[in-house]
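**Student:** Protein chains in written order, with our numbering: chain A, 24 to 114; chain B, 400 to 934; chain C, -17 to 195. Ideal Cβ positions, reconstructed from N, Cα and C, are used throughout, including at glycine.
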């Protein structure tokens, strides 16, 4: 059987993800007021970006794949932004 | 047909129901869609008969609710949305881009089976007793109070939604990846730009509908309040989720029709489409902007004023790319060498009827007028002008244009032109009076109305009779042509597209050798000699 | 390895086919983003309307299982990414071991989720079945838990599909580690990572609210 070792970028990404998980749980217990949700989502975004860039190999992909990957997110943004606009602006 | 083609490449049931040939799958869809169109049309017939008199004399109120619901559900999800993409799209897209099939042929077949399964479940709901909520399934009526087969119908639509998603996925990937050598984006026929834009909407909007339908079932079947005001839920959340899909859905329905019109107008004016790039990008603009307007269905629902203003403004904006297309088609006609073949009659009808439908959409986009016109027959007439006057007309036009290619037969030009004219006349007689009814205040989804509205209703129902006959005519003469029509040449219209550079009907693998594209599309000339797109 | 495999006629080469397959999976992932997005909108709307109730309800979720499950999924993604890297005829056994590890972690996730659900049932947190909460926050909390159960069960269904895919691919890798199966594994891996990303956000929205009070 040939030797195979896990590539360093994958290991690093995995450790970073676990570290971010520990961070987000710890920070959730700190009273930051309305920033708690901001912090939680920001760290979540960092974790997601790590998974996307390293595990899903987006960092090696060209503009078309990135466009496709980003399109879903962009449209999600439309749904959430225009969708909440009504609820946030009712008098 | 002496030569081998996709129709005689196997006669067994297995070779049809387990096919992965995009052309055969298109035929499977085509056959199923005829059935759904007839069922939806039967509901419409019952509705128009009831509406001849101001009283409720044909059906009860409850039955009427079920009729217009069935009509809406079947026509929207089981006819209009799959129509051009899954019949003409499936058949023509690989031919038009010079490919041997779509990117994922087995997904294509799965699409059809999901469509049939969804259709079966929905039909079961309808014939077991029906649904009375309207095709829009508004909560809390649909989830808490309706005594009808809501959950079953919703499940059917949910399943069919995955058929839509897979179709869109297949087209997007195919158009990106399987274009023939030399077929750059700006050499694509505009039919493909339109289908691409349609597919973007299919894949991004339909999943939201899927989740919304899941939530309906959760609330209804499990008795768990999500939209229930009694526990603090907001029925408007349902409407936002529903219309986030259902408004772009109307662009799913119309964009393929617009795509077909490009092909017809250019062919029968013997001119390239004026402003090709404008039309191409307008398709994408319609798809993108179409996602930003859904709140115009909710102007009087209790939505915030700011949201209503934003949605109203965006609704005006989305009219712009559609208008650009209409102007470009008109400019294409200008100084063209026009021939009034049946497909051209349909295309011209489309331009007129779609324009009326689109302009009345602007009436409705206007907040102040919408307060008066919402939930009246004005809205009903508006969307029927677009969906029926526009989309169904385009479908028939495309069907006639590509019929020789698909079947290898020529239909009777006399009967085709007659039907086209009759459709145009019958359509206007059916739906124009409904604008007047709406402006006068007749609400939609009512079968009882004040006697002063009767004259318009009678005109409308009379028109519906003519329309029904006109829609049945193609069944007869197209069906006749299948068995007795003259054999069609490869290129009966002398058109330059790649689909015309292969026999009619095409061989199973479309092209003997890979076509190489060297020219832009639509290189027509007035004397009927067109330059084919490949060398 | 020599390129002697056949490929479908609409493709120009194996590479053409495999790159197209990956593109198709990205389109599919975009649809899934919007699928979960609908739930996100509902969550945001109701959290905005009932902030205290959502915080109170969030405190009743099991942070230990939630955190453990997140760590489990992140690790399973790591293993799947490694399996893609290890896909080759010579290292097929390593690849299969890695996939099996990911499958095992996925199953543990499901089991822990099941334990969590039964705990929630015992604590009367299941809307429509036996929901009861402190009256001041009952409505908002019920909406929170509707979101919780719908989102996590839809996610769990996706997990099960993913586990099935990985299992099938482990078997195919064992039988014939050719380029077609490499492309298939690659696509399945993308799907698996995406399901992980969904969980990352679900974790932040479900388990972390209200912890600081």
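Is the CB-CB distance between residue 622 of chain B and residue 110 of chain C below 8 Å?
**Tutor:** Result yes, Cβ atoms of residue 622 of chain B and residue 110 of chain C sit closer than 8 Å.
**Student:** Could you tell me the alpha carbon to alpha carbon distance between residue 504 of chain B and residue 101 of chain C, rounded to whole angstroms?
**Tutor:** Straight-line Cα distance between these residues: approximately 46 Å.
**Student:** Could you check what DSSP says for residue 857 of chain B in three-state terms: helix, strand or coil?
**Tutor:** Residue 857 of chain B: helix per DSSP, three-state reduction.
**Student:** Which of the three DSSP states, helix, strand or coil, is assigned to residue 886 of chain B?
**Tutor:** Strand, per DSSP.
**Student:** Are the C-beta atoms of residue 400 of chain B and some chain A residue less than 8 Å apart?
**Tutor:** With a pLDDT of 49 at residue 400 of chain B, under the threshold of 50, the predicted position of this residue should be treated as unreliable, though the coordinate-derived value follows. It does not: the Cβ of residue 400 of chain B has no partner Cβ on chain A nearer than 8 Å.
**Student:** Closer than 8 Å, Cβ to any Cβ of chain C: which residues of the region 93 to 114 of chain A, in chain order?
**Tutor:** Here the close residues are 94, 95, 96, 98, 99, 102, 103, 106, 107, 110 and 111.
**Student:** Given this structure, state the Cα-to-Cα distance separating residue 689 of chain B from residue 646 of chain B, to the nearest angstrom.
**Tutor:** Rounded to the nearest angstrom, the two C-alpha atoms are 7 Å apart.
**Student:** In the DSSP output, which residue or residues are listed as bridge partners for residue 933 of chain B?
**Tutor:** Its beta-bridge partners are B:916.
**Student:** Output the residue ranges of the alpha helix (DSSP H) runs that lie fully inside the region 431 to 498 of chain B and measure 4 residues or longer, sorted by chain position.
**Tutor:** If we require 4 residues or more, the alpha helix (DSSP H) runs fully inside the region 431 to 498 of chain B come out as 460 to 474 and 489 to 495.
**Student:** Could you tell me whether any Cβ in chain B is nearer than 8 Å to the Cβ of residue 177 of chain C?
**Tutor:** Closer than 8 Å: no.
**Student:** With DSSP as the reference, label residue 82 of chain A as helix, strand or coil.
**Tutor:** Note: residue 82 of chain A maps to helix in three-state DSSP.
**Student:** Would the region 711 to 729 of chain B and the region 759 to 779 of chain B be scored as touching if the rule is three or more Cβ pairs under 8 Å?
**Tutor:** The region 711 to 729 of chain B vs the region 759 to 779 of chain B: in contact.
**Student:** Could one say the Cβ of residue -17 of chain C lies closer than 8 Å to chain B's Cβ atoms, at least one of them?
**Tutor:** Note that residue -17 of chain C has pLDDT 49, beneath the 50 cutoff, so the model's placement of it is unreliable and the number below is only indicative. With 8 Å as the cut-off, residue -17 of chain C does not count as an interface residue toward chain B.
**Student:** Decide if residue 569 of chain B is buried, meaning its Cβ has at least 16 other Cβ atoms within 10 Å, or exposed.
**Tutor:** Buried is the call here.
**Student:** Residue 37 of chain A: buried (16+ other C-beta within 10 angstroms of its C-beta) or exposed?
**Tutor:** Classification for residue 37 of chain A: buried.
**Student:** Could you round the C-beta distance between residue 551 of chain B and residue 520 of chain B to whole angstroms and report it? I think they count as a contact, below 8 Å.
**Tutor:** Between residue 520 of chain B and residue 551 of chain B the Cβ distance is about 6 Å, and since that is below 8 Å, they are a contact.
**Student:** The alpha helix (DSSP H) that contains residue 779 of chain B, what's its start and end?
**Tutor:** Per DSSP, residue 779 of chain B belongs to the alpha helix (DSSP H) from 776 to 783.
**Student:** Name the chain C residues that come within less than 8 Å of residue 607 of chain B, Cβ to Cβ?
**Tutor:** Per Cβ cutoff of 8 Å: 16, 17, 19 and 20.
**Student:** By the three-class DSSP mapping on this structure, what secondary structure does residue 586 of chain B have?
**Tutor:** The answer is helix: DSSP assigns residue 586 of chain B an H, G or I state.
**Student:** Cβ closer than 9 Å: which chain C residues qualify as neighbours of residue 636 of chain B?
**Tutor:** Near residue 636 of chain B (Cβ distances below 9 Å), the residues of chain C are 23, 24, 27 and 28.
**Student:** Taking 8 Å as the cut-off, decide whether the C-beta atoms of residue 183 of chain C and residue 141 of chain C are in contact.
**Tutor:** No, the Cβ-Cβ distance between residue 183 of chain C and residue 141 of chain C is not below 8 Å.
**Student:** Once the 5 residues before and after residue 874 of chain B are set aside, which same chain residues still bring their CB inside 8 Å of it?
**Tutor:** 433, listed in sequence order.
**Student:** Start and end of the alpha helix (DSSP H) containing residue 419 of chain B?
**Tutor:** Segment: none, residue 419 of chain B is in no alpha helix (DSSP H) and carries neither H nor E.
**Student:** Return the chain-ordered list of same chain residues with a C-beta closer than 6 Å to the C-beta of residue 611 of chain B, the five sequence neighbours on each side being excluded.
**Tutor:** Excluding positions up to five away in sequence, the list reads 640 and 641.
**Student:** Per DSSP, which residues does residue 842 of chain B bridge with? Please list them.
**Tutor:** Answer by DSSP bridge pairing, in chain order: B:775.
**Student:** Out of B:824, B:880, B:883 and B:845, point me to the one whose CA is closest to residue 858 of chain B's CA.
**Tutor:** If we check each option's Cα against that of residue 858 of chain B, B:824 comes out closest.
**Student:** With distances taken Cα to Cα, identify the nearest neighbour of residue 79 of chain A among A:60, A:33, A:96 and A:109.
**Tutor:** Looking at the Cα atoms, A:33 is the closest of the given residues.
**Student:** Going by DSSP, what residues sit across from residue 808 of chain B in a beta bridge?
**Tutor:** Residue 808 of chain B pairs with B:886.
**Student:** At the 8 Å Cβ level, is residue 122 of chain C part of the contact set with chain B, yes or no?
**Tutor:** So, interface residue.
**Student:** I need the DSSP call for residue 124 of chain C, collapsed to helix, strand or coil.
**Tutor:** Three-state DSSP puts residue 124 of chain C in a helix.
**Student:** So is residue 749 of chain B buried or exposed if we call it buried at 16+ other beta carbons inside 10 Å?
**Tutor:** It is buried - the Cβ of residue 749 of chain B has at least 16 other Cβ atoms within 10 Å.
**Student:** Mind checking which residues open and close the alpha helix (DSSP H) that includes residue 638 of chain B?
**Tutor:** Element bounds for residue 638 of chain B: 634 to 668.
**Student:** Can you name the residues of chain C whose CB is closer than 9 Å to the CB of residue 499 of chain B?
**Tutor:** Result: -10, -9, -8 and -7.
**Student:** Have a look at residue 917 of chain B and residue 573 of chain B and give me their C-alpha separation to the nearest angstrom.
**Tutor:** C-alpha separation (whole angstroms): 20 Å.
**Student:** What residues in the region 637 to 648 of chain B have a beta carbon less than 7 Å from any beta carbon of chain A?
**Tutor:** Going along the region 637 to 648 of chain B in chain order, one finds 639 and 643 with a Cβ nearer than 7 Å to chain A.
**Student:** If you follow the alpha helix (DSSP H) that residue 62 of chain C is part of, which residue opens it and which one closes it?
**Tutor:** 45 to 67 is the span of the alpha helix (DSSP H), which, as asked, contains residue 62 of chain C.
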